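Peer 1: Chains A and B are the protein sequences, given in the same order. Residue numbering for the first sequence follows my numbering, beginning at 1089 and increasing consecutively. Residue numbering for the second sequence follows my numbering, beginning at 2 and increasing consecutively. All C-beta atoms in this analysis are idealised placements derived from N, C-alpha and C, irrespective of residue type, glycine included. Nothing here was measured: the structure is a model prediction, and the numbers come from that model.
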Amino acid sequence: MPELPIPIPPLPTLHESVFMAIALLTVVGAFLVVAARNLFHNALGLALTFFGVAGVYFVAEAEFVGVAQVLVYVGAISTLITFAIMLTRGMMYGATSPLNRQAGTAAIIAATVFVVMAGLLGSLPWPVAEEPIVDGQIVIANLGVGFVTEFVVAFLLLAVLLLVALAGAIVLAQDRK
Amino acid sequence: MDWLNLLVIPIIRSVVIIVVLLTGFAYLTWYERKLLARFHVRYGPNRAGPKGLLQPIADAVKAVFKEEIIPGHVDKVVYLLAPALALAPALLIWAVIPLGKDFPAVADVPIGFLWILAIAGVESYGVILAGWSSNNNYSLLGALRSSAQMISYEIPLGLFLVSILLLAGDFSLVNLVEAPRAWWEWLWLWIMFPLFFICILAETNRSPFDLPETENELVAGFQTEYGGIKFALFFMAEYISMITTSAIMATLFFGGYALPFGIGSDILPILGPFILAGKVIVLLFLFIWVRASLGRPRYDQLMGFAWRTLLPISLGYMIITALLTVFFK
């Protein structure tokens, strides 16, 4: 057999091919968010991206985080966004250009953020557990214990933040005299 | 072997479950029509086959051979996506429902409980997409009503589920069924069941909470622009949701695939799926009984009930459950 100029990469394993499919879906969703010319399609793209990210968590065997992602981002946040868009009649139908005067500035900022993030993520060491985690229950229990011991300040701050948001929503919704 | 265990076997099991569910859906329509007829002192379908048993098949054939109409004013991609997205969540939940001691769920994950909660949150997408893409005022109003209703009732539903979780202390549905419970735990669960069932009725858009498709105000709500097999898919989504939620309620409240007092669970483990099916049929009767008996509330009454009555009750229930769990378990 003649030697090929480029070595053929090994076929992806099942795990890798699933990851690739999900990652592709996520990227397509993200592309729709910025490129689709209809506001409602943007929102649906966002939901697709959130779903894809949840899929990545599942592939990484972090089921709890994956389900939480679906619960919070796909189930609640995206639904609220689509709901809000449906209420604003004028923006619902017909194409709108995704570009405006700030497009150039936004592109520069996005590129900068991308470079910084890529650099940071690339330089970090990613610790991998020595043995595969067998019992998912223990992971969830540890997470819960962590919330009320080590990370209690952050947890309480988040609770206060949500309370403030709730109170603010009620104030906004009140009838003005 | 990797491929066999990870792909082939789960696919076969999923296909079996889906086929059973689709048959169940077809005969649920027959069951509902027969029962409603009984409530009305009529006969119900009795022409196709003995006791009208072939009626669902006749209906299916009719739906399949109807002309495919896509109205010109719709957003085509989203319009076609919506019926599929309405049906998918109802089927997805079956991935984690344990069917019996020797028949674990297709995906026997440790977080089955959360999976149900997460997928229930996604269920409103089909209706929202249908209402928006139809480009029709009635559809849009139906979709808006529906999403507001589903989001509102999800909150007490979630709080009740959290209470069950606190009581069980375990995310796994298999452990939930298998773990022994004290008598007061059962009692405390069953006190809550009627309220939970109200939330489920609202989540599945079933009568008396079928406001997304109030015929007298909104034509057919979000599905006004749909016909033929696409309409049948929405219909299927509603009925399979009923079966799915019944199975969830049977698992959470009534011991799932196990018989009470542990009778025969070890002698005939193959009975598991059949016991679960029996419980599902009893709960489905409840859905139909409610539909035949109760009138539809006004929209503001529906929303007021969720926020002013169910939400405080569910919060209180959760707090008391937490206290009970801490002091008595």
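(1) Ignoring anything shorter than 4 residues, give me the alpha helix (DSSP H) runs that lie fully in the segment 96-173 of chain B, in order along the chain.
(2) Just the Cα atoms here: how many angstroms apart are residue 100 of chain B and residue 93 of chain B?
(3) Between residue 143 of chain B and residue 209 of chain B, is the Cβ-Cβ spacing less than 8 Å?
(4) State the Cα-Cα distance for the pair residue 234 of chain B and residue 328 of chain B, rounded to the nearest angstrom.
(5) Please report the straight-line C-alpha distance between residue 41 of chain B and residue 31 of chain B, rounded to a whole angstrom.
(6) Taking only the alpha-carbon atoms, compute the straight-line gap between residue 284 of chain B and residue 271 of chain B and give it to the nearest angstrom.
(7) Quick check on DSSP: helix, strand or coil for residue 208 of chain B?
(8) Under a Cβ-count criterion, where at least 16 other Cβ atoms within 10 Å of its own Cβ denotes burial, should residue 1238 of chain A be classed as buried or exposed?
(9) Can you give the beta carbon distance from residue 1170 of chain A to residue 1124 of chain A, rounded, assuming they're within the 8 Å contact cut?
(10) Is the separation between the beta-carbon of residue 290 of chain B and that of residue 1128 of chain A shorter than 8 Å?
(11) Is it buried or exposed for residue 1168 of chain A, if we count other Cβ within 10 angstroms and need 16 for buried?
(12) Give, in chain order, every residue of the segment 120-132 of chain B whose Cβ lies closer than 9 Å to some Cβ of chain A.
(13) In angstroms with no decimal places, state the Cα-to-Cα distance between residue 62 of chain B and residue 231 of chain B.
(14) Would you verify that the beta carbon of residue 89 of chain B is, or is not, closer than 8 Å to some beta carbon of chain A?
(15) Check this for me: beta carbons of residue 115 of chain B and residue 172 of chain B, under 8 Å apart or not?
(16) What number of angstroms, rounded off, separates the C-alpha of residue 226 of chain B from the C-alpha of residue 300 of chain B?
(17) With a cut-off of 8 Å on the beta carbons, I'd call residue 286 of chain B and residue 191 of chain B a contact; round off their distance for me.
(18) Along the segment 167-186 of chain B, what residues have a CB closer than 8 Å to any CB found in chain A?
(19) Determine which residues of the segment 102-117 of chain B have a Cβ less than 7 Å from any Cβ of chain A, and write them out in chain order.
(20) Report back the beta-carbon spacing between residue 1162 of chain A and residue 122 of chain B to the nearest angstrom; my notes put them in contact at under 8 Å.
(21) Determine, for residue 10 of chain B, whether the minimum Cβ-Cβ distance to residues of chain A falls below 8 Å.
(22) Measure from the alpha carbon of residue 186 of chain B to the alpha carbon of each residue in B/198, B/168, B/201 and B/178, then state which is nearest.
(23) In terms of residue numbering, what span does the alpha helix (DSSP H) encompassing residue 34 of chain B cover?
(24) Are the C-beta of residue 1254 of chain A and some C-beta of chain B separated by less than 8 Å?
(25) Checking contacts by CB at 8 Å: is residue 148 of chain B closer than that to chain A?
(26) Report yes or no: is there a C-beta of chain A within less than 8 Å of the C-beta of residue 233 of chain B?
(27) Is residue 1234 of chain A close to chain B, meaning its C-beta is less than 8 Å from at least one C-beta of that chain?
(28) Which residue comes first and which comes last in the alpha helix (DSSP H) that contains residue 290 of chain B?
(29) Helix or strand or just coil, what does DSSP make of residue 57 of chain B?
Peer 2: Looking at the atomic coordinates:
(1) 113-123, 125-134 and 138-169
(2) Residue numbering aside, residue 100 of chain B sits at position 99 when the second sequence is read from its first letter. Residue numbering aside, residue 93 of chain B sits at position 92 when the second sequence is read from its first letter. Cα to Cα, the separation comes out at about 15 Å.
(3) Translated into positions along the second sequence, residue 143 of chain B becomes position 142. Translated into positions along the second sequence, residue 209 of chain B becomes position 208. Contact: no.
(4) Taking the first residue of the second sequence as 1, we reach residue 234 of chain B at position 233. Taking the first residue of the second sequence as 1, we reach residue 328 of chain B at position 327. For residue 234 of chain B and residue 328 of chain B, the distance between alpha carbons rounds to 48 Å.
(5) Position 40 of the second sequence, counted from the start, is the residue given in the question as residue 41 of chain B. Position 30 of the second sequence, counted from the start, is the residue given in the question as residue 31 of chain B. Computed Cα separation, rounded: 15 Å.
(6) Translated into the one-based positions of the second sequence, residue 284 of chain B becomes position 283. Translated into the one-based positions of the second sequence, residue 271 of chain B becomes position 270. Computed Cα separation, rounded: 22 Å.
(7) Position 207 of the second sequence, counted from the first residue, corresponds to residue 208 of chain B. If DSSP states are grouped into helix, strand and coil, residue 208 of chain B belongs with coil.
(8) Taking the first residue of the first sequence as position 1, residue 1238 of chain A is located at position 150. Per the 10 Å Cβ criterion, exposed.
(9) Translated into the one-based positions of the first sequence, residue 1170 of chain A becomes position 82. Translated into the one-based positions of the first sequence, residue 1124 of chain A becomes position 36. Not really, about 13 Å apart at Cβ, beyond 8 Å.
(10) Taking the second sequence and counting its residues from 1, the one referred to as residue 290 of chain B is at position 289. Taking the first sequence and counting its residues from 1, the one referred to as residue 1128 of chain A is at position 40. No.
(11) Sequence index remark: in the first sequence, residue 1168 of chain A carries index 80 (1-based). Exposed, since its Cβ has fewer than 16 Cβ neighbours within 10 Å.
(12) 120, 121, 122, 123, 124, 125, 126, 129, 130 and 132
(13) For the purposes of this step, residue 62 of chain B is taken as the residue at position 61 of the second sequence. For the purposes of this step, residue 231 of chain B is taken as the residue at position 230 of the second sequence. Taking the straight line from one Cα to the other gives about 14 Å.
(14) Reading the second sequence from its first residue, position 88 is the one you call residue 89 of chain B. By this cut-off, residue 89 of chain B is not an interface position.
(15) Here residue 115 of chain B corresponds to residue number 114 of the second sequence, with the count starting at 1. Here residue 172 of chain B corresponds to residue number 171 of the second sequence, with the count starting at 1. Yes, the pair counts as a contact, with Cβ atoms nearer than the cut-off.
(16) As a first step, residue 226 of chain B is located in the second sequence; it is residue number 225 there, counting from the start. As a first step, residue 300 of chain B is located in the second sequence; it is residue number 299 there, counting from the start. Their Cα atoms are separated by approximately 23 Å.
(17) Within the second sequence, residue 286 of chain B is the residue found at index 285, counting from 1. Within the second sequence, residue 191 of chain B is the residue found at index 190, counting from 1. Actually they are not in contact, since the Cβ atoms of residue 286 of chain B and residue 191 of chain B sit about 17 Å apart, beyond 8 Å.
(18) 171, 172 and 173
(19) 110, 111, 112, 115 and 116
(20) Position 74 of the first sequence, counting from 1, holds the residue named residue 1162 of chain A. Position 121 of the second sequence, counting from 1, holds the residue named residue 122 of chain B. At roughly 7 Å, the Cβ-Cβ gap stays under 8 Å, so residue 1162 of chain A and residue 122 of chain B are in contact.
(21) Taking the second sequence and counting its residues from 1, the one referred to as residue 10 of chain B is at position 9. So, not an interface residue.
(22) Residue 186 of chain B sits at position 185 when you count from the first residue of the second sequence. The shortest C-alpha separation from residue 186 of chain B is found at B/168.
(23) Looking up residue 34 of chain B in the second sequence gives position 33. Note, residue 34 of chain B: alpha helix (DSSP H), 10-40.
(24) Position 166 of the first sequence, counted from the first residue, corresponds to residue 1254 of chain A. Chain B, which has no Cβ nearer than 8 Å to the Cβ of residue 1254 of chain A, makes this no.
(25) By 1-based counting over the second sequence, the position of residue 148 of chain B is 147. Yes, its Cβ sits closer than 8 Å to a Cβ of chain A.
(26) On the second sequence, position 232 is the one that residue 233 of chain B refers to. Taking Cβ atoms only, chain A never reaches closer than 8 Å to residue 233 of chain B, which makes this a no.
(27) Reading the first sequence from its first residue, position 146 is the one you call residue 1234 of chain A. It does not; no Cβ of chain B falls within 8 Å.
(28) On the second sequence, residue 290 of chain B is found 289 positions in, with the first residue counted as 1. Counting along the chain, the alpha helix (DSSP H) containing residue 290 of chain B begins and ends at 273-294.
(29) As a first step, residue 57 of chain B must be located in the second sequence, where it is residue number 56. Looking at residue 57 of chain B - three-state DSSP - the assignment turns out to be helix.
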